[in-house]
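Participant: The listed protein sequences derive, respectively, from chains B and G.
All you need for the working numbering is the position in the first sequence, starting with 1, plus 7.
All you need for the working numbering is the position in the second sequence, starting with 1, plus 53.
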Amino acid sequence: MNKKLLSVVLLLFVVVGVAFSAGASEKATQTDKITVAVVMPSPLGDRSFVDSAAKGVERANAELPVQVDIIETQGVHEHETAMRSAINRGYDLILGVGLDTQMMLDLANENPDQTFGSPSELYADNLPDNLASLLINVNKSSFLAGIAAGMLTETNKVAAVCGGDAPGLNQFFYGFKQGVLEVNPDAEVFVNYLGFDFSNPTLGKESAIALYDEGCDIIYQVAGLSGEGVLAAAAERGLYAIGVDNVQDSFYPGNIITSVIKRVDNSTYDLINEYVNGTYKGGFRSLDLEDGATGLSWDVGATDFADNGPASMTAKLPEVQKTIADYRARILSGDYEVYDALTMDLWDSLK
Amino acid sequence: MKRMSKTMALSALVPLCALILGILVTSIFIFLAGTSPLSAFEVLISGAFGTTGKVWPLLITLGQATPLILTGLAAMYSFRVGVFCIAQEGQYVFGAITAAWLGVALNLPPFLHVLVVLAASMVVGGIYGLIPAWLKVKLGVNEIISSIMLNSIAALVLEYMVAFPLRADQGQKAQSAVLDRAIWLPQFVQGSRWGISFVIAITLVVISYLYIWKTPKGYELRMVGQSARFARYGGVKADPTILQTLFLSGMIAGLAGSMEILGNYHRIMTGFSSGLGFDGLSVALLGQSHPLGVVIVAILLAGIRQGAQLGLQINLHVPRELGGVLIAMVILFIAAENVYRPYLEKLYDKIHAPKKELDHV
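#1: Could you say which of G:Pro163, G:Ala281, G:Met214 lies nearest to alanine 153 of chain G if we only look at CA atoms?
#2: With distance defined between alpha-carbon atoms, name the residue in G:His405, G:Val78, G:Pro68, G:Gln362 nearest to glycine 335 of chain G.
#3: With DSSP collapsed to three states, give me the class of lysine 290 of chain G.
#4: Does DSSP put glycine 330 of chain G in a helix, a strand or coil?
#5: Taking Cβ-Cβ distances shorter than 9 angstroms, what residues in chain G pair up with phenylalanine 203 of chain B?
#6: Grouping DSSP H, G and I as helix and E and B as strand, with all else coil, what is isoleucine 265 of chain G?
#7: Which residue's Cα is closest to the Cα of isoleucine 367 of chain G: G:Ser342, G:Val96, G:Leu85, G:Gln144?
#8: Quick one: which unbroken alpha helix (DSSP H) runs of 4-plus residues sit fully inside the segment 153–239 of chain G? Chain order, please.
#9: Which chain B residues sit within Cβ distance under 7 angstroms of glycine 193 of chain G?
#10: Along the chain, where does the alpha helix (DSSP H) containing glutamate 195 of chain B start, and where does it finish?
#11: Using only alpha-carbon positions, find the residue among B:Thr286, B:Leu324, B:Leu294 that is nearest to serine 127 of chain B.
#12: Per DSSP, what are the beta-bridge partners of tyrosine 227 of chain B in this structure?
#13: Please name the residue, chosen from B:Lys288, B:Val251, B:Gly261, B:Gly308, that lies closest to proline 135 of chain B on a Cα-to-Cα basis.
#14: Grab the span of the beta strand (DSSP E) containing proline 64 of chain G for me, first residue to last.
#15: Can you tell me whether DSSP reads glycine 261 of chain B as helix, strand or coil?
#16: What does histidine 343 of chain G reach in chain B if we use C-beta pairs closer than 7 angstroms?
#17: Would you tell me roughly how many angstroms separate the C-alpha atoms of lysine 62 of chain B and aspartate 272 of chain B, rounded to the nearest one?
#18: Put phenylalanine 56 of chain B into one of helix, strand or coil per three-state DSSP.
#19: Since isoleucine 279 of chain B meets chain G, which of its residues come closer than 7 angstroms, beta carbon to beta carbon?
#20: Closest to glutamate 212 of chain G by C-alpha separation, out of B:Pro192, B:Tyr200, B:Leu188, would be which residue?
#21: Excluding the five sequence neighbours on either side, which residues of its own chain have a C-beta within less than 7 angstroms of the C-beta of aspartate 277 of chain B, listed in chain order?
#22: Which residues in chain G have a C-beta closer than 9 angstroms to the C-beta of isoleucine 94 of chain B? List them in chain order.
#23: Can you give me the start and stop residues for the beta strand (DSSP E) that leucine 142 of chain B sits inside?
#24: Would serine 356 of chain B be called buried (16 or more neighbouring beta carbons within 10 Å of its own) or exposed?
#25: Counting only C-beta atoms, is leucine 400 of chain G closer than 8 angstroms to chain B at any point?
#26: Measure the beta-carbon distance from glycine 103 of chain B to serine 125 of chain B and round it to whole angstroms, keeping in mind my assumption that it falls under 8 angstroms.
#27: Nearest chain G C-beta to arginine 91 of chain B closer than 8 angstroms, yes or no?
#28: Can you name the residues of chain B whose CB is closer than 7 angstroms to the CB of cysteine 311 of chain G?
#29: Anything in chain G within Cβ reach of glutamate 117 of chain B, meaning under 9 angstroms, just list it in chain order.
#30: Find the residues of chain G that neighbour glutamate 79 of chain B, judging by a C-beta separation of less than 7 angstroms, and give them in chain order.
#31: Which residue spans inside the segment 267–354 of chain B form an unbroken alpha helix (DSSP H) run of at least 4?
#32: Do we get a CB-CB distance below 8 angstroms when we pair leucine 112 of chain G with the residues of chain B?
#33: For glycine 103 of chain B, report the span of its beta strand (DSSP E) as first-last.
#34: Cβ of leucine 238 of chain G within 8 angstroms of Cβ of leucine 315 of chain G?
#35: Under the assumption that phenylalanine 123 of chain B contacts glycine 153 of chain B (Cβ atoms under 8 angstroms), give the Cβ distance between them as a whole number of angstroms.
#36: Of all Cβ atoms in chain G, is any one closer than 8 angstroms to the Cβ of threonine 265 of chain B?
Encoded structure:
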């Protein structure tokens, strides 16, 4: 018995010894390139927000003379430590994707020599010179998705599953709600907030099932990885969902009507690109429908629903798309205003 | 000079052994991930306990260890009295909610304000600790089940509180208003989170040691923990001792939550807790339910977390999950101590047997 244990331990040592000697030759490569850290709000693999930002990082690494590192975190409690570790490491530029505004402001003020950026969801009137924020407004694109939901619903009940109750996320929800009510004033619009749990598909699925049980037939998900549960619930129930951030139409073809895309990949890439080209400027800028930073998956040629959806609904699609095109033109010309949860007090019509 | 007893030596050896085994096994995974384990552990050590850079990683580790020391201490009290109460997470959260609420609601001179907030959080945490204790003592409810439920309740109450009553209007996310700067607990080095709360935690560790091993109350506590029936036979009332100890345990966990709010976050939001209460359980288990062990393990765990989950992925692009694997492996080997404990005992006897004879000469 004793010998057996001894041999196991010895074997372990040999394996580890080999591992050490084999790996000893390779060293962490040091580069003269510009270094950038991108701190993610939750782990990769959500096929949504975080993965979209990671796509921008990938593109920057491939096309620009930079070394961009992704730093994954597990949640709110790790954000500040991760940012501080990145500051300690001495990156040229540190991007925080969808992190807390106050924290980013504090860090920027505390470290005036460090350049920071936020490719998404940082909204503040005054930003210090070393902090740049690109904000993608999603209220208008969500409004267009709301039109689709309002016209296609058969139960006159639709819903949204939102990652949390915050202006950045309510921008999605109230845009959507306004869209639904615009074309279908009798419809009821429900919302379910997930308490900022963006990496829990089970929770997303449970919330969606509760809403489907309530009689809803279309659910708009705005919840990162948790939202995958919403899409799965739609497929399971044979009902419908609307995707977010990325083109998610193909995850469950025929159950996902469209997706509201938010090009965080582009805004991430743009910030890095500006830094490399020396055009980086602190301050707040917002991107919108007209910049191509957001829109519907239909704009980029997704036809999964048109090809696989039920005939009763696909028959309505041309009409839906025409209505959406009309509203889009009116919004872009300034003829029609969409509520923006980031900058406005809640309209009475949306309460 | 008192000689180190066999049990004490073994309680030091077991975690050490678990740590080494954990590192060895994780090395294999790190190697498979295509990184040299040697440079990985270099990074791990410097990322956790290094003394370079703008804010020393060592200080950040100490700052992060502070709440762990306290929740570990809280769990230790519970284990010592023989109750496997795991409601530290809930007590921690309630302490934090109390601090975030009273920190805004009261208007007192700063020094007094801080004291009142800390005291109130301790009382709230203590009361939350009394619930599973009372249920166990009076109704025989299993404390594990009741404390798990209480943790879920605390998490949901937190979500409700930050979404509605405590919610700040201007804030982007659901979070409470930022506390007045005057009542922030000072940090020794800006940005390290290492501050006065660390000193308080260490003081409590010393007091706990003295309390448990040098006072009659502490003696009763240990006796109840080891055998409640025997304690009763010896004239010690087990039930009041359990209630008192769990109140104490809850107070410490509540204090941890409150100091995190006053010292680090300065406001409360959902998801701020990160399961620190649960980590306190591992800390107490790994630390062999001894105050000194709790301090060492808390610092070690905070260091591994800091170095493995952030340092490794920043410096070597090792997936952050591998850091989690290391922590899990260490805990696994502690849990499996019975497999190798006999060998350690034999080893100890072998080394000490001849020496003992010398002593007698």
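Using N, Cα and C, we set each Cβ at its ideal position, and we do this for glycine too.
Facilitator: A quick look at the data gives this:
#1: Within the second sequence, the letter at position 100 stands for residue 153 of chain G. Looking at the Cα atoms, G:Met214 is the closest of the given residues.
#2: Within the second sequence, the letter at position 282 stands for residue 335 of chain G. According to the sequence shown, residue 335 of chain G is serine rather than glycine. The shortest CA-to-CA distance from serine 335 of chain G to any of G:His405, G:Val78, G:Pro68, G:Gln362 is the one to G:Pro68.
#3: Within the second sequence, numbered from 1, the residue matching residue 290 of chain G stands at position 237. Note: lysine 290 of chain G maps to coil in three-state DSSP.
#4: As a position in the second sequence, residue 330 of chain G is number 277, starting the count at 1. The three-state secondary structure of glycine 330 of chain G, taken from DSSP, is helix.
#5: Within the first sequence, residue 203 of chain B is the residue found at index 196, counting from 1. Listed by position along chain G, the residues whose Cβ is nearer than 9 angstroms to that of phenylalanine 203 of chain B are Glu212, Lys226, Ala227, Met322, Thr323, Gly324.
#6: The count along the second sequence starts at 1 and reaches residue 265 of chain G at position 212. Of the three classes helix, strand and coil, the one that applies to isoleucine 265 of chain G here is helix, per DSSP.
#7: Counting from 1 along the second sequence, the entry for residue 367 of chain G is found at position 314. Proximity to isoleucine 367 of chain G across G:Ser342, G:Val96, G:Leu85, G:Gln144 peaks at G:Val96, based on C-alpha coordinates.
#8: You should have 163–192, 196–216.
#9: Counted from its first residue, the second sequence places residue 193 of chain G at position 140. What glycine 193 of chain G touches in chain B: nothing, since even the nearest Cβ is about 33 angstroms away.
#10: Residue numbering aside, residue 195 of chain B sits at position 188 when the first sequence is read from its first letter. For glutamate 195 of chain B, there is no enclosing alpha helix (DSSP H); the enclosing beta strand (DSSP E) covers residues 195–200.
#11: Looking up residue 127 of chain B in the first sequence gives position 120. For serine 127 of chain B, the nearest C-alpha among the options comes from B:Leu294.
#12: Here the question's residue 227 of chain B lines up with position 220 in the first sequence. As a beta-bridge residue in DSSP terms, tyrosine 227 of chain B pairs with B:Ala167, B:Ile249.
#13: Residue mapping note: residue 135 of chain B aligns to position 128 of the first sequence, counting from 1. It is B:Lys288 whose Cα lies nearest to the Cα of proline 135 of chain B.
#14: One-based indexing of the second sequence puts residue 64 of chain G at position 11. Residue identity check: residue 64 of chain G is serine in the sequence provided, not proline. Run containing serine 64 of chain G: none in the beta strand (DSSP E); it sits in the alpha helix (DSSP H), 59–85.
#15: Position 254 of the first sequence, counted from the first residue, corresponds to residue 261 of chain B. The answer is coil: DSSP assigns glycine 261 of chain B none of H, G, I, E or B.
#16: The sequence position of residue 343 of chain G within the second sequence is 290, counting from 1. Those do not exist, as histidine 343 of chain G stays about 27 angstroms from chain B at its closest Cβ, beyond 7 angstroms.
#17: Taking the first residue of the first sequence as 1, we reach residue 62 of chain B at position 55. Taking the first residue of the first sequence as 1, we reach residue 272 of chain B at position 265. For lysine 62 of chain B and aspartate 272 of chain B, the distance between alpha carbons rounds to 6 angstroms.
#18: Residue numbering aside, residue 56 of chain B sits at position 49 when the first sequence is read from its first letter. DSSP places phenylalanine 56 of chain B in the helix class (H, G or I) of the three-state scheme.
#19: Here residue 279 of chain B is taken as the residue at index 272 of the first sequence, counted from 1. Close partners of isoleucine 279 of chain B in chain G (Cβ separation under 7 angstroms) are lacking, with about 17 angstroms as the shortest Cβ gap.
#20: Along the second sequence, read from residue 1 onward, the residue named residue 212 of chain G stands at position 159. Selected option, being the one with the closest Cα: B:Tyr200.
#21: Here residue 277 of chain B corresponds to residue number 270 of the first sequence, with the count starting at 1. Only Leu141 meet the Cβ criterion.
#22: Residue 94 of chain B sits at position 87 when you count from the first residue of the first sequence. In chain order, Gly106, Lys107, Val108, Gly244 make up the part of chain G whose C-beta sits under 9 angstroms from the C-beta of isoleucine 94 of chain B.
#23: The sequence position of residue 142 of chain B within the first sequence is 135, counting from 1. For leucine 142 of chain B, the uninterrupted beta strand (DSSP E) run begins and ends at 138–143, by DSSP.
#24: Locating residue 356 of chain B in the first sequence gives position 349, where the first residue counts as 1. The residue in question, serine 356 of chain B, is exposed, as its Cβ has fewer than 16 Cβ neighbours within 10 Å.
#25: As a first step, residue 400 of chain G is located in the second sequence; it is residue number 347 there, counting from the start. Leucine 400 of chain G has a beta carbon lying at 8 angstroms or more from every beta carbon in chain B.
#26: As a first step, residue 103 of chain B is located in the first sequence; it is residue number 96 there, counting from the start. As a first step, residue 125 of chain B is located in the first sequence; it is residue number 118 there, counting from the start. That belief holds up - the Cβ atoms of glycine 103 of chain B and serine 125 of chain B are roughly 5 angstroms apart, short of 8 angstroms.
#27: For the purposes of this step, residue 91 of chain B is identified with residue 84 of the first sequence, where counting begins at 1. So yes, arginine 91 of chain B belongs to the interface.
#28: Taking the second sequence and counting its residues from 1, one reaches residue 311 of chain G at position 258. Looking at the sequence itself, residue 311 of chain G is serine, so the reference to cysteine does not match. Within chain B, no C-beta atom comes less than 7 angstroms from the C-beta of serine 311 of chain G; the nearest is roughly 16 angstroms away.
#29: Residue 117 of chain B sits at position 110 when you count from the first residue of the first sequence. Those within 9 angstroms of glutamate 117 of chain B in chain G are Gln243, Gly244.
#30: Locating residue 79 of chain B in the first sequence gives position 72, counting from the first residue. Simply Gln366, Arg373.
#31: As far as the segment 267–354 of chain B is concerned, its whole alpha helix (DSSP H) runs of at least 4 residues are 271–284, 311–315, 318–321, 324–339.
#32: Walking along the second sequence from the start, residue 112 of chain G turns up at place 59. So, not an interface residue.
#33: As a first step, residue 103 of chain B is located in the first sequence; it is residue number 96 there, counting from the start. 100–103 is the extent of the beta strand (DSSP E) around glycine 103 of chain B.
#34: Position 185 of the second sequence, counted from the first residue, corresponds to residue 238 of chain G. Position 262 of the second sequence, counted from the first residue, corresponds to residue 315 of chain G. Yes; because the gap between Cβ atoms is below 8 angstroms, this pair is in contact.
#35: For the purposes of this step, residue 123 of chain B is taken as residue 116 along the first sequence, with counting starting at 1. For the purposes of this step, residue 153 of chain B is taken as residue 146 along the first sequence, with counting starting at 1. Not really, about 34 angstroms apart at Cβ, beyond 8 angstroms.
#36: Working through the first sequence from its first residue, we reach residue 265 of chain B at position 258. Not an interface residue.
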